[in-house]
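Peer 1:
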Amino acid sequence: MPASPTSSKGRTGVLLVNLGTPDSPSTSDVRRYLNEFLTDARVIDMPAALRYPLFQGLVVPLRAPKSAKIYQQLWDERGSPLLYHGLDLQKLVQETLGKDYLVAFGMRYQNPSIEAALQQLRDAAVDRIIVLPLFPQYAAASTGSVQEKVMDIVKDWWVVPSISFISTFVDDPGFIGTFATLGKAEMAKRDYDHVVFSYHGIPERHVLKGSHKGYCKLGSCCNSYNKNNRYCYRAQCFETSRQLATALGLGPEQYTTTFQSRLQSRLRDPWLQPYTDEVLKTLPGKGIKNVLAFSPAFVADCLETTIEVGEEFKEMFEQAGGAHWQLVPSLNSHPQWVQAVADMIRRN
Numbered sequence: 187m188p189a190s191p192t193s194s195k196g197r198t199g200v201l202l203v204n205l206g207t208p209d210s211p212s213t214s215d216v217r218r219y220l221n222e223f224l225t226d227a228r229v230i231d232m233p234a235a236l237r238y239p240l241f242q243g244l245v246v247p248l249r250a251p252k253s254a255k256i257y258q259q260l261w262d263e264r265g266s267p268l269l270y271h272g273l274d275l276q277k278l279v280q281e282t283l284g285k286d287y288l289v290a291f292g293m294r295y296q297n298p299s300i301e302a303a304l305q306q307l308r309d310a311a312v313d314r315i316i317v318l319p320l321f322p323q324y325a326a327a328s329t330g331s332v333q334e335k336v337m338d339i340v341k342d343w344w345v346v347p348s349i350s351f352i353s354t355f356v357d358d359p360g361f362i363g364t365f366a367t368l369g370k371a372e373m374a375k376r377d378y379d380h381v382v383f384s385y386h387g388i389p390e391r392h393v394l395k396g397s398h399k400g401y402c403k404l405g406s407c408c409n410s411y412n413k414n415n416r417y418c419y420r421a422q423c424f425e426t427s428r429q430l431a432t433a434l435g436l437g438p439e440q441y442t443t444t445f446q447s448r449l450q451s452r453l454r455d456p457w458l459q460p461y462t463d464e465v466l467k468t469l470p471g472k473g474i475k476n477v478l479a480f481s482p483a484f485v486a487d488c489l490e491t492t493i494e495v496g497e498e499f500k501e502m503f504e505q506a507g508g509a510h511w512q513l514v515p516s517l518n519s520h521p522q523w524v525q526a527v528a529d530m531i532r533r534n
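Remember, my numbering sits 186 above the position in the sequence shown when you count from 1.
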């Protein structure tokens, strides 16, 4: 019998990417992080001649000391939660996928860098690369920025393997299921009057710039998730809310979808609405005293979840007359989430 041909197929490389974190909560490291983040043309979409002097010369120097104090509250004995949860996820997904895969982890801004993670995969001569930005809902300023950075790096490689991107997992059963599991655990501890799904905000113009043939009207067009708005950030957020509400057994009147973390005045530069901080202040007046809050735009604990939603919004809610505000923990490296990530990789 003729000898079987030797397979040349190598391992599949996997690149998990999250947004980024300062190397430490010191003002200098926070300034370095903000400089890289806020001068990304996909985050601040203004001409470079305006963007760099405005943010490097004015915004970042003013903001860095204040942000450093907040990061100091977030840091714990393991360091930055966004970093160590990402590394934990990388390790566990690697164990789940096995030897036919090589899983690397990088940050869009700062360390470990996307470039270093890609070099790890390149050195291992992987057969192909699957890139999974850890942002459930696609936005040009997050997933789009990661995709652009990856392609900018590999364009200089003489040999570029097949590369594919998982651009969104807004309605992935494992993603929805894990958040539902965590939510139900909190709901088992006490009764809640209402659920708030709070997503990171983006400028309305970012949504309109990406609208398919002018489909987006920033209104009822998000009542369904379809081929015309599958990459609309706002539509994806509302779809995630609907999916989570169904998994949690909530009716339409039992939850609200809101947007947080706007950077600029809505009068000069409107961001997606309704705004979380404004909505939560109205809830106690409606008899809603106990609220369960989710941050479904984030898969790992970070400043925007732990501090903003978990602490700052809690204080605002109580000052407005609320009794109890509870943040549902993020997915981090929950076993169900690890399996969901592995399943998404295998399907691709």
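In this text, a Cβ means the ideal position worked out from N, Cα and C, and glycines have one as well.
Predicted model only: the values in this text are computed from it and were never measured.
Under 8 angstroms: do the region 283-292 and the region 382-395 share three or more Cβ pairs, one atom per stretch?
Peer 2: Touching, no.
Peer 1: On a Cα-Cα basis, can you pick out the residue from A227, R228, N476 and G206 that is closest to R218?
Peer 2: R218 has its Cα closest to that of G206, out of A227, R228, N476 and G206.
Peer 1: For M232, which of helix, strand or coil comes out of DSSP?
Peer 2: M232: coil per DSSP, three-state reduction.
Peer 1: Could you give the distance in angstroms between the alpha-carbon of A528 and the alpha-carbon of V312?
Peer 2: 17 angstroms
Peer 1: State the DSSP-derived secondary structure class of G330, mapped to helix, strand or coil.
Peer 2: helix
Peer 1: Take the Cβ of S410 as the centre, count every other Cβ of all protein chains shown within 10 Å, and call the residue buried at 16 or more, exposed below.
Peer 2: exposed
Peer 1: According to DSSP, simplified to helix, strand and coil, what is T225?
Peer 2: coil
Peer 1: Spatial neighbours of F536 within its chain, please: C-beta separation below 6 angstroms, excluding the five flanking residues on both sides.
Peer 2: The first residue shown for the chain is 187 and the last is 534, placing residue 536 beyond what the model contains.
Peer 1: Report the partner residues of Y287 according to the DSSP bridge assignment.
Peer 2: T198
Peer 1: According to DSSP, is V336 helix, strand or coil?
Peer 2: helix
Peer 1: Rounded to whole angstroms, what is the Cα-Cα separation between V477 and G272?
Peer 2: Cα to Cα, V477 sits roughly 28 angstroms from G272.
Peer 1: What do you reckon, are the CB atoms on T491 and R314 nearer than 8 angstroms?
Peer 2: no
Peer 1: Where does A486 sit, in a helix, a strand or coil, going by DSSP?
Peer 2: coil
Peer 1: Given this structure, state the Cα-to-Cα distance separating L275 from T364, to the nearest angstrom.
Peer 2: 14 angstroms
Peer 1: What's the call for D358, buried or exposed, on a 16-neighbour Cβ count within 10 Å?
Peer 2: Buried, by the Cβ-count rule.
Peer 1: Expressed to the nearest angstrom, what Euclidean distance is found between the alpha-carbon atoms of E301 and S331?
Peer 2: E301 and S331 have their C-alpha atoms roughly 14 angstroms apart.
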